[in-house]
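Residue numbers (the working numbering), protein chains in the order written: chain Y, 12 to 273; chain D, 11 to 243. Read through the structure below, which is laid out as structure tokens, and then see the notes.
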Amino acid sequence: MVAIGKTKLDSGWLAARSTEVDLTGVHLTTTHPPTGPSSPWIEAVVPGTVLGTLLKNNLVPDPFYGLENESIIDIADSGREYYTFWFCTKFQCKVTGDQHVDLNFRGINYSAEVYLNGHKKILPKGMFRRHSLDVTDILHPDGQNLLAVLVHPPDHPGRIPPEGGQGGDHEIGKDVAAQYVEGWDWMTPIRDRNTGIWDEVSISVTGRVKIVDPHLVSSFFDDYKRVYLHTTTELENRSAWVAECSLSIQVTTELEGNFFLV
Amino acid sequence: EHLQTQHLSIPPGAHVQYTFPQLFFYKPNLWWPNGMGEQSLYNVGITVDVKGYGESDSWSHQFGFRKVESHIDDATGGRLFKVNGQPVFIRGGNWTLSDGLLRLSKKRYKTDIKFHADMNFNMLRCWGGGLAERPEFYQYCDIYGLLVWQEFWITGDVDGRGDPVSNPDGPLDHDLFLLCARDTVKLLRNHPSLALWVGGNEQIPPEDINTALKNDLKLHPHFRSFNRTSNSV
């Protein structure tokens, strides 16, 4: 029985440019997983962006030193494929009984295809949205799972005019993504437009019922002496039976100094 | 401690919303912005057990009891803030983002945000051309007492006012914008430091988006009667 809770997947990732990998996501997560940082595969920074990984491997100069950014090819000139990257890793997870497992992405820029043990799922467009995939049924029986994510840049990366300017040619504004990446008065253009798995990746294990996005609101009366905490949560029963639940809420305060709660 | 347990049956495959009976607190320690008092935080934990199968899921979050209000002052046209009924002189700083390549880390957030608190700031304005900042950013704003003004992803330069004028109707996919906005609100809404959602930088979002945001961010009628807050666009 795996413990209930969240495990971050933030180590052991490998990356490769999509145009340098002939294999499909099914191959990468079944018969031909990358075995290590050997060409075209490099160690990847996740969470992070394509450029962050290339910089970590010294494959590009640091864009924030001098005029180094000028020597990194911009996506407008290279095309989107050049910054479309595979990110691969493996993780151990084997559930028993009625446990469920979700694979969670807290931020993808801009869209992606996920392959897990040969099964494909789509992460739709949008930089500022979370994705949570119920992968219970596609985990590997022996617990050793292979994950590959193909990340695509924003649809409208735009082109930086010779004179620069705030937001370049403004094309990035057609997408739902951070706009500074085409350059601003305080920032040089980001060559990959921050394509990548830019925020936390995790797997979370639950039983039959999952807690989703609780909302906490406080209300105040009598000059802040009488206070109420209102708590609403979504709950999802992922089993085929009625779930008789006990739902508990507990509010504790941080203990100051060297006080201990006995 | 405040502990409450409720029992409920959830049909197979169902997705339900449940509201606990409200929890009463007498004179709880309030959360105050930097320079006005303590940033008292409580740990709120929720667990669900399924009969016969044990614990099924759990969730926890740091929470601060505070009431943030703001309104536009007729005399100056500026926005006046109150926290827990006390007027706040806002000493705000612009925040674009931690790192241009999104090398975001708790350590960096803690350092940057504590730095602003040490400089006696009490608000950070997250600029619309940057990110909806991350939970780790808000966690340290909760700890160091920096109110947060969080803009959505609209800027004057790119959306309808720049030179050349571009994207007068904002992003191509308004439904996607609203889906991202709603998911972002759910991700960040429990942080006591979150003081204000703002449609965009120097620009009002396209009418349909702005109306939807205003509507979604109104406080639920259940609370509006006694707790006007400024979490509106």
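A virtual CB, placed ideally from N, CA and C, is assigned to each residue, including glycine.
Counting along the chain, Y154(D) sits inside the alpha helix (DSSP H) bounded by residues 145–154. It is roughly 32 Å from the alpha-carbon of F73(D) to the alpha-carbon of G62(D). In the DSSP annotation of this structure, F30(D) is not part of any beta strand (DSSP E), being labelled neither H nor E. Close to L62(Y), with beta-carbon spacing below 7 Å, are these residues of chain D in chain order: L111.
Under the three-state reduction of DSSP, L111(D) is assigned to coil, being neither helix nor strand.
The beta carbon of T199(Y) is closer than 6 Å to those of N80 in its chain, skipping five residues each way along the sequence. In this chain, L182(D) is not harboured by any beta strand (DSSP E), its DSSP state being neither H nor E.
Not a single CB atom of chain Y sits nearer than 8 Å to the CB of Y148(D). A distance below 7 Å between beta-carbons, with the five flanking residues on each side excluded, links S29(Y) to the following residues of its chain, in chain order: E92, T95, F96, W97, L161. When CB distances to chain Y are screened at a threshold of 7 Å, the residues of the segment 184–209 of chain D falling below it are L186, F187, L189, C190, D193, T194, K196, L197, R199, N200, in chain order. DSSP places R118(D) in the helix class (H, G or I) of the three-state scheme.
Using a Cβ-Cβ distance cut-off of 8 Å, the segment 148–166 of chain Y and the segment 150–164 of chain D are not in contact, since fewer than three pairs of beta carbons, one from each stretch, lie closer than that value. At a cut-off of 8 Å between beta carbons, V238(Y) contacts chain D. Positions of the beta strand (DSSP E) runs, each at least 3 residues long and wholly inside the segment 161–246 of chain Y, are given as 212–217, 220–232 in order along the chain. With 16 or more other CB atoms across the displayed protein chains lying within 10 angstroms of its CB, N211(D) is buried.
Scanning its chain for C-beta atoms nearer than 8 Å, with the 5 sequence neighbours on each side dropped, one finds around I84(Y) the residues Y93, R202, in chain order.
Contact annotation: W69(D) and W105(D) have beta-carbon atoms that are not nearer than 8 Å.
Comparing C-alpha distances from M138(Y) to each of A191(D), K37(D), D169(D) shows the shortest one belongs to A191(D).
For the 8 Å CB-CB criterion, P225(Y) and T206(Y) do not form a contact. Counting along the chain, S89(Y) sits inside the alpha helix (DSSP H) bounded by residues 86–89. Taking 7 Å as the Cβ-Cβ cut-off, the segment 213–225 of chain Y approaches chain D at T217, G218, R219, V220, K221, I222, D224, P225, given in chain order.
Any Cβ of chain Y closer than 8 Å to the Cβ of S108(D) would place that residue at the interface, and such an atom is absent.
Contacts with chain D at 8 Å (Cβ-Cβ) include V187(Y). Check the Cα spacing between Q110(Y) and each of N248(Y), V37(Y), L127(Y), K19(Y): the tightest is with N248(Y). The shortest CA-to-CA distance from V60(D) to any of P22(D), Q96(D), G45(D) is the one to P22(D).
The C-beta of Q213(D) comes no closer than 8 Å to any C-beta of chain Y. Burial state of S229(Y) is buried, judged by a 10 Å Cβ sphere holding 16 or more other Cβ atoms. For E245(Y), the nearest beta carbon of chain D is closer than 8 Å to its own beta carbon.
With a 10 Å radius around the Cβ and a threshold of 16 neighbouring Cβ atoms, G95(D) comes out exposed.
Inclusion of I20(D) and C256(Y) in the CB contact set at 8 Å is warranted, their separation being smaller than that value.
Less than 8 Å separates the beta-carbon of H163(Y) from that of Y121(Y). Between T244(Y) and I15(Y), the C-beta spacing is not below 8 Å. Around the CB of R170(Y), fewer than 16 other CB atoms lie within 10 Å, so the residue is classed as exposed. When Cβ pairs closer than 8 Å are counted between the two stretches, the segment 77–89 of chain D is seen not to touch the segment 112–128 of chain D, the count staying below three.
In the assembly as shown, L25(Y) is a buried residue. Its beta-carbon has 16 or more other beta-carbons within 10 Å. The beta carbon of H201(D) sits closer than 6 Å to the beta carbons of Y148, D152 from its chain, once the five residues preceding and following it are set aside; these are given in chain order.
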